[in-house]
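> Heads up: the sequence shown runs through residues 148 to 364, numbered per the numbering used here.
The C-beta atom is built at its ideal place from N, Cα and C for all residues, glycine as well.
Below is the structure I would like to discuss, written out as structure tokens.
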Amino acid sequence: MKFFIDTANLDQIKEAQDLGVLDGVTTNPSLMAKEGITGKENIINHYKKICDIVTGDVSAEVIATDYEGIIKEGQELAKLHDQIIVKVPMIKDGVKAIKYFSDHGIKTNCTLVFSAGQAILAAKAGATYVSPFIGRLDDISTDGLNLIAEIRMIYDNYGFTTQILAASVRHTMHVIDCAKIGADVMTGPLSSIEGLLKHPLTDIGLAKFLADYKKGN
Ligand code: G3P
Numbered sequence: 148m149k150f151f152i153d154t155a156n157l158d159q160i161k162e163a164q165d166l167g168v169l170d171g172v173t174t175n176p177s178l179m180a181k182e183g184i185t186g187k188e189n190i191i192n193h194y195k196k197i198c199d200i201v202t203g204d205v206s207a208e209v210i211a212t213d214y215e216g217i218i219k220e221g222q223e224l225a226k227l228h229d230q231i232i233v234k235v236p237m238i239k240d241g242v243k244a245i246k247y248f249s250d251h252g253i254k255t256n257c258t259l260v261f262s263a264g265q266a267i268l269a270a271k272a273g274a275t276y277v278s279p280f281i282g283r284l285d286d287i288s289t290d291g292l293n294l295i296a297e298i299r300m301i302y303d304n305y306g307f308t309t310q311i312l313a314a315s316v317r318h319t320m321h322v323i324d325c326a327k328i329g330a331d332v333m334t335g336p337l338s339s340i341e342g343l344l345k346h347p348l349t350d351i352g353l354a355k356f357l358a359d360y361k362k363g364n
């Protein structure tokens, strides 16, 4: 399973990259705003900085919601760097744009996906990634992980090559459960990745090993 970090915070991206397990980055306008990155030029420059830090795919979201606008913006974003994946919302013009990008060799991430039906459309249009938001489904008492399982089954039934990018991952158990189900990618905060490190028996065992080593030296 690929690990993407879901942030626009450069320090956290560097930290995840330094751990050696990072495969890419996802961002969205809210994550950019959280870091105080506003205005088209600043956002574009920020994408370039992220691409300089990581070696994998970097999702850059279009703001336009009409077909022509999405195509124009997506083409501009794709030209920034060969790591850029154009992130397009799951709306009618978005699906049409994903089909256009797919036909023209531009990779896409279909975002704001909340149902299996939407995931089928994204795959039919040729999206590189589909992003079901599991945390936001959990927030409204709907099983986000069940959606990942449904999409996995449907894509496997038909051999769709669109990669399932479990998004809106909030914590470490989401990561583990997504891995069990067979999500191709998960994107979450740094804490969801670092949480995988933790086990009290590891800490206790290491403390004992070090104490025993000292006894003999
Ligand atoms: O990857 C999508 C993500 O940014 C949404 O996460 O936590 O705002 O639901 P969240």
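Quick check on this structure: which residue in E188, S206, T202 has the alpha carbon closest to the alpha carbon of A155?
Against the sequence shown, residue 155 aligns to sequence position 8. A155 has its Cα closest to that of S206, out of E188, S206, T202.
> I want to check one thing, is the minimum distance from the CB of G282 to the heavy atoms of ligand 1 below 6 Å?
Your numbering for residue 282 matches position 135 in the sequence shown. Flag set: Cβ of G282 near ligand 1.
> Indicate whether the contact test is met: 3 or more Cβ pairs, each with one atom in the stretch 335 to 354 and one in the stretch 303 to 319, closer than 8 Å.
In short, these stretches touch, since the Cβ pair count reaches three.
> DSSP beta-bridge partners for F150?
Here residue 150 is taken as the residue at index 3 of the sequence shown, counted from 1. According to DSSP, F150 bridges with M333.
> How close, in whole Å, do the beta carbons of M333 and A313 come, if the pair is a contact with beta carbons under 8 Å?
Within the sequence shown, numbered from 1, the residue matching residue 333 stands at position 186. Within the sequence shown, numbered from 1, the residue matching residue 313 stands at position 166. Yes, M333 and A313 are in contact; Cβ-Cβ is about 4 Å, under 8 Å.
> Less than 7 Å between CB atoms is the rule here; does N175 satisfy it with respect to chain B?
Absence of chain B from the displayed structure is noted, only one protein chain being present.
> Go ahead and label H346 buried or exposed: buried means 16 or more other beta carbons lie within 10 angstroms of its beta carbon, across all protein chains shown.
What you label residue 346 is simply residue 199 of the sequence shown in a count that begins at 1. Looking at its Cβ environment, which holds fewer than 16 other Cβ atoms inside 10 Å, H346 is exposed.
> I want to know whether the stretch 257 to 272 touches the stretch 290 to 297 - three or more CB-CB distances under 8 Å.
Touching, per the Cβ criterion.
> Tell me the residue span of the alpha helix (DSSP H) that contains D285.
Counting from one through the sequence shown, the residue named residue 285 turns up at place 138. Taken as a continuous stretch (DSSP letters only), the alpha helix (DSSP H) holding D285 covers 281 to 286.
> Roughly how far, in whole angstroms, is the beta-carbon of I197 from the beta-carbon of I253, given that I think they are within contact range, below 8 Å?
As a first step, residue 197 must be located in the sequence shown, where it is residue number 50. As a first step, residue 253 must be located in the sequence shown, where it is residue number 106. About 18 Å; that fails the 8 Å criterion.
> Pull the bridge partners of Y276 from the DSSP assignment, please.
Taking the first residue of the sequence shown as position 1, residue 276 is located at position 129. DSSP output for Y276 lists N256, Q310 as bridge partner(s).
> How far does the beta strand (DSSP E) with T173 in it extend, from its first residue to its last?
Along the sequence shown, read from residue 1 onward, the residue named residue 173 stands at position 26. Residues 171 to 173.
> Tell me, to the nearest whole angstrom, how far the beta carbon of I200 is from that of H193; I am working on the premise that it is less than 8 Å.
Reading the sequence shown from its first residue, position 53 is the one you call residue 200. Reading the sequence shown from its first residue, position 46 is the one you call residue 193. At roughly 11 Å, the Cβ-Cβ gap does not stay under 8 Å, so I200 and H193 are not in contact.
> Between G203 and the rest of its own chain, which residues show a CB-CB distance below 6 Å, the 5 nearest in sequence each way excluded?
Your numbering for residue 203 matches position 56 in the sequence shown. Same-chain partners within the cutoff: D170, G171.
> Per DSSP, V235 forms a beta bridge with which residues?
Within the sequence shown, numbered from 1, the residue matching residue 235 stands at position 88. Note: V235 sits in a beta bridge opposite C257.
> Measure the Cβ-Cβ separation of N256 and K234 and say whether it is below 7 Å.
Your numbering for residue 256 matches position 109 in the sequence shown. Your numbering for residue 234 matches position 87 in the sequence shown. Yes, they are a contact pair.
> Whole angstroms is fine: what's the gap from T349's alpha carbon to L343's?
Position 202 of the sequence shown, counted from the first residue, corresponds to residue 349. Position 196 of the sequence shown, counted from the first residue, corresponds to residue 343. Roughly 12 Å separates the two Cα atoms.
> Please go through the same chain and pick out, in chain order, the residues whose beta-carbon is closer than 7 Å to the beta-carbon of Q265, but skip the five residues on each side of it.
Sequence index remark: in the sequence shown, residue 265 carries index 118 (1-based). Only M237 meet the Cβ criterion.
> The alpha helix (DSSP H) spanning S177 covers which residue range?
Here the question's residue 177 lines up with position 30 in the sequence shown. Where S177 is concerned, the enclosing alpha helix (DSSP H) stretches over 176 to 181.
> Label A358 either buried or exposed according to how many other C-beta atoms from any shown protein chain fall within 10 Å of its C-beta, with 16 as the threshold for buried.
Stepping through the sequence shown from its first residue, residue 358 is reached at position 211. Answer is exposed; the Cβ neighbour count stays below 16.
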